[in-house]
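*Asks:* Structure below; questions to follow.
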Amino acid sequence: MSTHPNTARHYDENAENYHRHVSDPSDGTFHAYYEKPAIRAELPELNGLEVISIGCGSGVDARWLADNGAKRVVGIDISKGLLEIAKSNNPDIEFREMDMEKLDFPDESFDLAYSSLAIHYIDDWTPALEEARRVLRPEGQYIFSCGHPIDSAMEYTTEGKYKYARLGRRVDTETDERIVYGDYLAPTTDGVKPVTGVLKDIEVVVYHRTFAKMIEQILASGFTIERVVEPQPIEGDPKHFEQLTRIPTFMIWVLRKRA
Numbered sequence: 005m006s007t008h009p010n011t012a013r014h015y016d017e018n019a020e021n022y023h024r025h026v027s028d029p030s031d032g033t034f035h036a037y038y039e040k041p042a043i044r045a046e047l048p049e050l051n052g053l054e055v056i057s058i059g060c061g062s063g064v065d066a067r068w069l070a071d072n073g074a075k076r077v078v079g080i081d082i083s084k085g086l087l088e089i090a091k092s093n094n095p096d097i098e099f100r101e102m103d104m105e106k107l108d109f110p111d112e113s114f115d116l117a118y119s120s121l122a123i124h125y126i127d128d129w130t131p132a133l134e135e136a137r138r139v140l141r142p143e144g145q146y147i148f149s150c151g152h153p154i155d156s157a158m159e160y161t162t163e164g165k166y167k168y169a170r171l172g173r174r175v176d177t178e179t180d181e182r183i184v185y186g187d188y189l190a191p192t193t194d195g196v197k198p199v200t201g202v203l204k205d206i207e208v209v210v211y212h213r214t215f216a217k218m219i220e221q222i223l224a225s226g227f228t229i230e231r232v233v234e235p236q237p238i239e240g241d242p243k244h245f246e247q248l249t250r251i252p253t254f255m256i257w258v259l260r261k262r263a
């Protein structure tokens with residue numbers, strides 16, 4: 005499994021905290037006013053579809069998919085703690101502990117694969133995408149969100165009372181001395197690098213990759229790219245609204261399994 009070994013452990017230890025974060029719009033504002041509206045806008049009509057929710061977490065999205073017409077929803081995740089919450093809150097939905105790179109389902113089991121902010125936890129997308137493609141029926145879609153590479157390329161520092169997120173350069177106009185902030189190209193790791201972040205006291209490792217590396221790994225899996233969405237936030241979170249209208253944090257991919 006190419007997910008960092010600490011990621012599942014940290015989610016297990018902080019499952020209740022994370023569930024509150026994604027469930028409460030006043031807490032998980034990036035979810036409620038940014039990522040969730042954007043990814044849901046890309047979904048097809050769900051009535052009658054069989055859907056797999058990959059990296060389902062505590063089941064919030066699986067619940068939404070079921071409530072909005074999906075005939076069958078199956079959620080998979082590697083965090084036991086999050087799955088316990090998902091099962092407790094949604095006894096009518098099937099949840100299974102499973103690695104997204106080794107889906108224990110027959111070929112062509114689902115009409116739609118859905119994943120919210122999960123795939124960036126693995127260092128190589130191709131095996132997970134190949135598995136998603138395998139369990140999809142012909143013409144099925146895989147719609148997923150992930151971190152935007154501009155965000156993960158930034159260099160984060162604290163100076164006094166201020167926190168900075170920088171990607172760019174500073175040039176001395178007298179000496180032409182240059183200081184570079186951030187690392188988009190990640191040259192020492194072929195366009196992929198681990199980035200440690202903290203989400204609601206949960207320390208996780210996500211993998212930054214360039215746009216070129218994303219496209220390379222998607223096409224290697226056999227999927228066709230239909231759309232790439234760099235979303236705008238909806239109003240409701242004035243604290244982050246201006247930031248998210250100018251600097252992306254997440255992005256949405258819409259892929260299709262061609263017959």
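Following our numbering, the numbering of the sequence shown begins with 5 at its first residue and continues without gaps.
We treat Cβ as the ideally placed atom computed from N, Cα and C, and that holds for glycine.
Is Y334 near G85, with beta carbons less than 8 Å apart?
*Replies:* This structure cannot speak to residue 334, because the chain is shown only from 5 to 263.
*Asks:* Using the Cα positions of T177 and Y185, report the straight-line distance between them to the nearest angstrom.
*Replies:* 17 Å
*Asks:* I'd like the list of long-range same chain contacts for D128, defined as Cβ closer than 6 Å, with 5 residues on each side in sequence excluded.
*Replies:* S6
*Asks:* If I measure Cβ to Cβ from F148 and keep anything under 6 Å in the same chain, skipping five residues before and after, which residues do I get?
*Replies:* S119, I123 and W257
*Asks:* Is Q145 buried or exposed, if buried means 16 or more other CB atoms sit within 10 Å of its CB?
*Replies:* With 16 or more other CB atoms across the displayed protein chains lying within 10 angstroms of its CB, Q145 is buried.
*Asks:* Around the Cβ of Q63, are there at least 16 other Cβ atoms within 10 angstroms (buried) or fewer (exposed)?
*Replies:* According to the sequence displayed, residue 63 carries Gly and not Gln. G63 comes out buried.
*Asks:* Mind checking which residues open and close the beta strand (DSSP E) that includes R262?
*Replies:* Looking at the DSSP string, R262 is not in any beta strand (DSSP E), and its letter there is neither H nor E.
*Asks:* Rounded to a whole number of angstroms, what is the C-alpha to C-alpha distance between P29 and V208?
*Replies:* 22 Å
*Asks:* Helix, strand or coil for S27 per DSSP?
*Replies:* helix
*Asks:* Specify the secondary structure class of I43 as computed by DSSP and reduced to three states.
*Replies:* helix
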